[in-house]
Amino acid sequence: MEFVTKDVLASCMALLLDAVFLVNRAGTLVYVSPACEPILGYAPQDLLGRSMIDFVAKEDRERTIEESKFVMAGLPRIGFENRYIHKDGHYVHIMWSARWSEDHELRIGVARDVSAKKQAEALQRATYSISEAAHDAADIRSLCKAVHDTLSTLFPIEAIVVATCDAELSTWEKAYQYRDSAAIPLLDWPQAQRLSTQATQAQGTLWHLIEAAPIDGAGQSIPHVCAEPLAPDTLVEPGKQALAILSMHTARRAVGTLMLYGPAGALQAEAAQRLLAFVCDQTALAIERKQLIDDLYKAARFDELTGLPNRRTFGEFASEAVRRAQRTNAKLALLFADIDGFKGVNDSLGHAVGDLLLKEIGQRMKSGVTGCGFVARHSGDEFVAIVQDAEVVERIDFAVTRLRAEIEQVISVNDASLSVRVSVGVAVFPDDGESMSELIRVADQRMYANKSARKSGEASFLRRLI
């Protein structure tokens, strides 16, 4: 019988596509076959004597340790899957067959790279999860959190920032931010906005290396974004961290950017870039849909000019306030305010000035009842407010006098300084009515009575001050 020599066996092992690992009871690698290098990027000699668990993705370590206990208990295992970190930083999905040799006190494992299969599955999951999030998320932040959770299963992401933009106003808003630990650098917001603007204008991805720089020569160092951009196909030394700023566009407009911080090799891999491009497209569409829904909701419930709640929203809030006052035997006051002589503003200075005047008065009225009530634009130049603070309601005449004084202060609009007068009617629950419709009717009548009384002897309630 012809015996297989060690040389023949070693030659055959070198031909295997799957990698063979021998691990002792302490978890140390004592043998690694040559197939490990094309799978994990490490030559066998780089791994010998090192703990195998150190190369496992941190999210998978606990269950990998539990699996090894089963194997060492004498239970052969087939089909266990986990993720390892490639030498350049990206995840490698491994499917294991393993058993324990009691005679040699070694765990024998055969590792098969199933990353291609997992990436295809991940693409399907990403499609589903992001679409589901777009449908179910209560707001854009919740949507971004779902995107982050999806990406975390695909890449070793250590920090993420999602910024949304208003293409018309060229303004940016931080929709979501996360970092794995305090040691991981975060972009300061002005820098993030600049990079986001550059990526959006380029409609592509910007890359930057993260480096450590000394501070004041004290020997300390902090991570910062390298000023020199990094080309996506540049070979980066293993272990280096990179920042990727990906622009998010739809067919209609720019939506924002997705900023990711992690191992350069993991993010720069061709498969990773394809997947990130797909995720960006899906996320951009989802954010745009969510923004459109939010815009529709805002248009239905808020006044476009002043930003205050509209008549419908006020009616819902006020009715609930009355029901609550009925249950608790509390008092509340309804204020109905009208700008005297507002038509003269539009006629003499134009509607643009009139609009600015309405916005300013709305904000002044809102500031005047902040903490004790709720303000809305009722219609035209009329505003309404609910005051719920019991102490303020008891002294409502004083509160109205102070509010009117604040509103009637000089207003600077463009090159004009304007002074307006405001007529206010007040109705108190339950003294003047036990329903919102009754309170509005009484307050409206009193507002017109107040206007008539203030008109006596005066030609105009609008003065243009030089």
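Numbering of the sequence shown is given in this note's numbering, commencing with residue 6 and proceeding in unit increments. Using N, Cα and C, we set each Cβ at its ideal position, and we do this for glycine too.
Give the secondary structure of residue i by DSSP, where H, G and I count as helix, E and B as strand, and everything else as coil.
i: residue 76; result: helix
i: residue 178; result: strand
i: residue 22; result: coil
i: residue 195; result: helix
i: residue 431; result: strand
i: residue 438; result: coil
i: residue 15; result: helix
i: residue 475; result: Any answer about residue 475 is impossible in this case: the structure gives the chain only from 6 up to 471.
i: residue 426; result: coil
i: residue 395; result: helix
i: residue 308; result: coil
i: residue 239; result: coil
i: residue 384; result: strand
i: residue 186; result: coil
i: residue 211; result: strand
i: residue 418; result: strand
i: residue 405; result: helix
i: residue 167; result: strand
i: residue 456; result: helix
i: residue 9; result: coil
Report back the beta-carbon spacing between residue i and residue j to the nearest angstrom; my notes put them in contact at under 8 Å.
i: residue 310; j: residue 281; result: Actually they do not touch by this definition, with Cβ atoms about 41 Å apart.
i: residue 358; j: residue 418; result: 5 Å
i: residue 92; j: residue 45; result: 6 Å
i: residue 85; j: residue 101; result: 5 Å
i: residue 215; j: residue 247; result: 7 Å
i: residue 265; j: residue 162; result: 6 Å
i: residue 409; j: residue 429; result: 6 Å
i: residue 387; j: residue 342; result: 7 Å
i: residue 153; j: residue 181; result: 7 Å
i: residue 177; j: residue 203; result: Between residue 203 and residue 177 the Cβ distance is about 12 Å, and since that is not below 8 Å, they are no contact.
i: residue 151; j: residue 165; result: Not confirmed; about 12 Å, so no contact.
i: residue 384; j: residue 316; result: 6 Å
i: residue 427; j: residue 345; result: 7 Å
i: residue 34; j: residue 20; result: Rounded, the Cβ-Cβ distance is 21 Å, inconsistent with contact.
i: residue 30; j: residue 77; result: 7 Å
Between the C-alpha atoms of residue i and residue j, what's the straight-line distance to the nearest angstrom?
i: residue 106; j: residue 189; result: 42 Å
i: residue 367; j: residue 284; result: 42 Å
i: residue 365; j: residue 262; result: 34 Å
i: residue 222; j: residue 155; result: Its pLDDT being 49, under 50, residue 222 is placed unreliably by the model, and nothing is read from it.
i: residue 40; j: residue 88; result: 17 Å
i: residue 195; j: residue 295; result: 25 Å
i: residue 79; j: residue 113; result: 12 Å
i: residue 11; j: residue 18; result: 10 Å
i: residue 394; j: residue 141; result: 37 Å
i: residue 400; j: residue 352; result: 38 Å
i: residue 472; j: residue 256; result: Since the first and last residues shown for the chain are 6 and 471, residue 472 lies out of range.
i: residue 458; j: residue 403; result: 18 Å
i: residue 187; j: residue 193; result: 14 Å
i: residue 73; j: residue 118; result: 19 Å
i: residue 103; j: residue 50; result: 22 Å
i: residue 306; j: residue 249; result: 38 Å
i: residue 111; j: residue 170; result: 57 Å
i: residue 208; j: residue 276; result: 20 Å
i: residue 286; j: residue 253; result: 6 Å
i: residue 397; j: residue 377; result: 8 Å
i: residue 448; j: residue 371; result: 18 Å
i: residue 455; j: residue 420; result: 31 Å
i: residue 168; j: residue 131; result: 20 Å
Residue i: beta carbon under 6 Å from a heavy atom of the ligand GTP?
i: residue 340; result: With respect to small molecules bound, the structure shown includes none, and the ligand GTP cannot be examined in it.
Quiz item: Whole alpha helix (DSSP H) runs in the stretch 25-102 with 4 or more residues, listed along the chain?
Solution: 41-45, 49-52 and 66-77
Quiz item: Is it a yes or a no for the stretch 233-242 touching the stretch 269-281, going by three-plus beta-carbon pairs under 8 Å?
Solution: yes
Self-check item: Inside the stretch 94-151 only - beta strand (DSSP E) runs reaching at least 3 residues
Solution: 96-106 and 111-118
Quiz item: Hey, which unbroken runs of the alpha helix (DSSP H) at 4 residues or more fall wholly within the stretch 311-377?
Solution: 316-333, 347-354 and 356-374
Self-check item: the stretch 21-38 touching the stretch 54-62, judged by at least three CB pairs closer than 8 Å
Solution: yes
Quiz item: Just checking, does the stretch 330-340 make contact with the stretch 424-440 on the three C-beta pairs under 8 Å criterion?
Solution: yes
Quiz prompt | Ordered list of alpha helix (DSSP H) runs contained in the stretch 245-290, each at least 4 residues | solution = Counting only runs of 4 or more, we get 269-273.
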